[in-house]
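Per numbering that gives the first Met the number 0, the sequence shown starts with residue 0, numbered consecutively.
These notes concern the structure reproduced below.
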Amino acid sequence: MAEFKGKYYISTPIYYPSSNLHVGHTYCTVMADAMARFKRATGYDVMFLTGTDEHGQKIQTIANEKGVTPQAYVDEIVGGIKELWKTMEISYDDFIRTTEDRHVKRVQNIFMKMYEKGDIYKGEYEGLYCTPCESFWTESQLVDGCCPDCGRKVVAAKEEAYFFKLSKYQDKLLKHFEDHPEFLQPEARKNEMISFINQGLDDLCISRSTFDWGIPVPIDEKHVIYVWLDALTNYITALGYSEDDELYQKYWPVNVHLVGKEIVRFHSIIWPAILMSIDEPLPKQVLGHGWLLLGGGKISKSKASKGPDVIDPVVLIERYGVDALKYFLLREYTFGQDGHFNNEVMLKRLNFDLANDLGNLVSRTVSMIEKYNDGVIPDATTHDEIDEDLKNIATGAADKVEAEMDKFAFNMALEEIWVVIRRANKYIDEKTPWILAKDEARKPELDTCLHNLAETLRIVSILINPFMHTTASKIRKQMGIALYDIVWEDAMEFEMLYQEKVKKGDAIFPRLDIEKELEELSQLASKGKEENIPLQLKDEIEYDDFDKLDLRVGKILSCEKHPKADKLLVFQVKMGTETRQIISGVANDFKAEDLVGKNVVVVANLKPRMLRGMESKGMILYAENGEKLALLTTEAEDGNSVN
Ligand code: MSP
C-alpha cells in the first residue's frame with residue numbers, strides 16, 4: 000500500500016442539464032477523474048464531487064416549451080448524464096443535484112447566515128441580462144454589444160432583488176490573491192481576475208422574482224435564489240455543510256475546483272466572497288482549463304448538427320472505446336489552453352499512440368514469450384547497458400508522471416509514460432530477439448530480453464491505470480499478472496515477475512482505417528443534420544392564444560355516420576358529469592366502431608356549431624401524422640383537465 004498522504008478533494012463544475020452533454024463537457028470530467036484516480040493510487044483519501052445545476056430560467060423555459068415540468072425535464076437529462084458517466088467509468092464519490100432536498104435546505108441555511116451577518120439587502124436591479132448564461136452584465140463588460148461569455152444578445156432588465164455585498168470583500172479578495180499566488184492558475188487567468196477586482200466590484204444580485212424554478216429565498220417566498228449562489232454552494236452542501244458536518248470537517252477546504260475558463264470569475268471572486276461572508280475557509284486552488292474548439296468557436300450542442308465532426312461522446316465511445324477517448328482528451332490538449340477538436344486529429348492519435356506504440360508492444364511481447372518460451376515469462380540472468388537503460392527509464396517514470404500531475408499537465412504525464420513505451424519498442428529492435436532465438440547459446444540473453452519487456456509492461460500497466468484502467472487490466476490479463484491490487488510504488492521496482500504465464504488476447508487497440516472512419520463519422524454527423532429539418536408549420540401562435548383552449552379528457556360512448564354527410568362522424572362524448580354531441584370530419588380516416596370506448600382530448604370551450612342540421616359542441620383533437628390523422632388518446636379517465 001502507498002503511504003497515506005492525507006485527504007484530497009477535487010470537484011468539477013455542476014453541469015446544466017439543459018441538453019445532453021458533448022465531448023467538451025466530458026473533457027473536464029475526464030481530467031478530474033484521472034486526477035482522482037491518480038491521487039487514490041498515490042496514497043490520498045479522495046473526495047471527487049460532480050453533479051448538476053438544475054435551476055434557473057433557461058431550464059424552466061425549455062421545460063415549458065416541451066410541455067413538461069422542469070423537474071420531469073431535468074430528471075430525464077440528469078439520468079442521461081449519470082448514464083454517460085457510468086459508461087465512461089467516472090469514479091466520482093458523490094453526485095449532487097441542486098434540486099435535492101439536502102442541497103435546498105443547506106443553501107437556505109447559507110442564505111440566512113449571510114443575511115444575519117448583514118451581507119444581504121433588498122434593492123432593485125437594472126442591467127443587461129443574458130438569458131442563456133443567466134448573467135447580468137454592465138455595458139462595459141459586453142463584447143460587441145453581446146454577452147462576453149456566450150456572444151449572444153442581451154436584453155435590458157429591471158427587477159426587485161436581494162443583493163449580496165460583494166463590494167465589501169473587494170480588498171480582502173485582493174489580499175487573498177496576493178498572499179496565495181497558487182490560488183488561481185493559470186497565471187493569465189489570475190491577472191484577468193485581479194484587474195477585474197481592481198475595476199471595482201459591484202454588489203451581486205442573488206435573487207429573482209420573474210420565474211419560480213429555484214430555491215425559495217427563506218425570508219421572502221416571492222423570490223428564488225439566483226443561480227450562482229445556488230450553484231457554487233454545491234461544493235459544501237454535498238459535504239453536509241450546516242446540517243451534518245462530518246464530511247465537511249474532513250474534506251473542506253477543497254484542494255482543487257476544476258472549471259472552464261469562462262466560469263473562473265464565479266469561482267475565484269464570488270465563491271470566495273460567499274465563503275468569507277459565512278466565515279469559512281477558501282478553496283485551496285481554482286484551476287481554469289481551456290475550451291475544446293470546433294470551427295474556431297467553443298464546442299456547443301448546436302454545432303453537433305453542422306458536421307463533419309462527431310462530438311457526441313456516446314458515439315465516439317461506441318466506436319473507439321472509453322479508454323481511447325479518455326487518452327485522446329488527456330494527451331492532446333495542454334491544460335489551460337484552448338485546443339481544436341476534430342475527428343482526424345483524434346483518429347491519428349489513436350492509431351499512432353495506442354494501436355502502434357502501446358498495442359504493438361503488448362502483442363509483440365506476448366507473442367514472443369509464447370513463441371520462444373512456451374508462454375512463461377522467463378527469469379533474467381544476463382545484463383548489459385541496453386537492459387540498464389530500459390530499466391532506468393521504466394522505473395524512473397513514476398516520479399516524472401507524479402511531477403507532471405502535480406502541475407495538472409496530463410499531456411506531459413502521458414508523454415512520460417510513452418517515453419517508456421517507445422523505449423521498450425526500440426529495445427526490441429536493438430535486442431533482435433528473433434536473431435537471439437536462432438542460437439541456443441544465446442538463450443539467456445533472449446530470456447532476459449523477454450523478462451525485461453514483461454517487467455516494463457507491468458510498470459506501464461500501473462502507470463496508465465489512473466488514465467485508462469480498462470486497458471491496464473487488459474495488459475495485465477495478457478501478461479498473466481494479478482488484475483487487482485495495482486500498487487503505484489510497484490512501478491518503481493523492476494524485479495517483481497516470476498514465471499507468470501502469458502496468454503495472447505485480442506489487439507488492445509485495433510488499427511483504424513482513418514479514411515474509412517472519417518467517411519463514416521461524417522455520415523453520422525450529417526445524418527443527425529438531416530433528421531433535424533424544421534417542419535413546415537402554420538403561422539406561429541402566442542402562448543396566450545393556446546391558453547384560451549380548455550382541454551378536457553372525454554370518453555367516446557358512441558360514434559355513427561352523420562345521416563346527411565359522408566365525411567362526418569357524430570360522437571357522444573362523456574366528460575365528467577356532462578355528455579355531449581361532437582361532430583368531426585374524419586369519416587375517411589377512421590371506422591366509427593373502432594373509436595368507441597377511447598379516451599380522447601376535447602377542446603371543451605369551442606363555440607357550438609351546426610353541421611348539416613346537427614349541433615357539434617366542442618372538438619375532438621387529432622394530429623397530423625404524415626399523410627394520416629392520428630387520434631389523440633389518453634390513458635387518463637374522462638373529465639380531467641389537461642392544460
Ligand atoms: N452550471 C454552470 C457551472 C456551475 S459550477 C458551480 C455551468 N454549466 S455548463 O454546463 O454550462 O458548463 C460546465 C462546464 O463545461 C464549464 O466548466 C465549461 O467550461 C465546460 N465546457 C462547456 N463546453 C466546453 C468546451 N467546448 N470545452 C471545454 N469545456 C467546456 O457553467
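We put the CB at the ideal spot given by N, CA and C, even for glycine.
- Ranked by how close their Cα comes to the Cα of S521, the residues N355, H468, N341 and C145 have N341 in first place.
- As for any beta strand (DSSP E) of minimum length 3 sitting wholly inside the region 532-582, the runs are 550-561 and 564-574, ordered along the chain.
- When the Cα atoms are used, P217 and F110 turn out to be separated by approximately 8 Å.
- D219 sits in a strand when the DSSP states are folded into three classes.
- Residue burial is scored here from C-beta neighbours: V142 has fewer than 16 other C-beta atoms within 10 angstroms and is therefore classed as exposed.
- In this chain, the alpha helix (DSSP H) harbouring F176 covers Q169 to D178.
- The bridge partners DSSP lists for Q184 are L286.
- Contact annotation: the region 37-57 does not touch the region 103-119, with fewer than three C-beta pairs closer than 8 Å.
- In the three-state reduction of the DSSP assignment, V459 falls in the helix class.
- For H468, the shortest C-beta to heavy atom distance toward the ligand MSP is 7 Å or greater.
- Distance from the Cα of A393 is smallest, within the candidate group N451, L360 and K437, for N451.
- In this structure, the straight-line span from the alpha carbon of F265 to that of P12 is close to 11 Å.
- In this structure, DSSP gives S10 an extended state, which the three-state scheme calls strand.
- Between the C-alpha atoms of R96 and L83 there is a straight-line separation of about 16 Å.
- For the region 577-638, the full-length beta strand (DSSP E) segments reaching 3 residues or more read 577-583, 598-602, 608-610, 613-615, 621-624 and 627-630 along the chain.
- Counted as a single uninterrupted DSSP element, the alpha helix (DSSP H) harbouring T236 occupies residues N233 to T236.
- Restricting attention to E261, N410, L324 and W251, the CA atom closest to the CA of Q284 is found in W251.
- If you look at D92, you'll find it isn't in any alpha helix (DSSP H); DSSP assigns it neither H nor E.
- Between the alpha carbons of M46 and D489 lies a distance of about 24 Å.
- Residue side-chain check: Y91 keeps its Cβ at 7 Å or more from all non-hydrogen atoms of the ligand MSP.
- Taking a C-beta distance under 8 Å as the contact criterion, A33 and F409 qualify as a contact pair.
- Per the C-alpha coordinates, the member of Y234, M495 and D243 positioned closest to W270 is Y234.
- In this structure, I485 and V361 do not form a Cβ contact; the two beta carbons are roughly 16 Å apart against a cut-off of 8 Å.
- With fewer than three CB-CB distances shorter than 8 Å, the region 166-174 does not count as touching the region 240-248.
- Going by beta carbons, F351 and H288 fall outside the 8 Å limit.
- Of all C-beta pairs linking the region 386-403 to the region 314-332, fewer than three are shorter than 8 Å, placing the two stretches out of contact.
- For the ligand MSP, a non-hydrogen atom lies closer than 7 Å to the CB of C27.
- Assignment of beta-bridge partners to R207 by DSSP yields V223.
- Within the model, the alpha-carbon separation for L496 versus I434 is close to 25 Å.
- Annotation: the continuous alpha helix (DSSP H) that includes G79 extends over P69 to T86.
- Not a single heavy atom of the ligand MSP lies less than 7 Å from the C-beta of L349.
- Rounded to whole angstroms, the separation of the alpha carbons of M609 and D74 is 46 Å.
- For T51, the uninterrupted beta strand (DSSP E) segment begins and ends at Y43 to T51.
- Here the C-alpha atom of K515 lies approximately 30 Å from the C-alpha atom of T28.
- Counting C-beta atoms within 10 angstroms of its own C-beta, G78 has fewer than 16 neighbours from the protein chains shown and is therefore classed as exposed.
- At least one heavy atom of the ligand MSP sits closer than 7 Å to the Cβ of E261.
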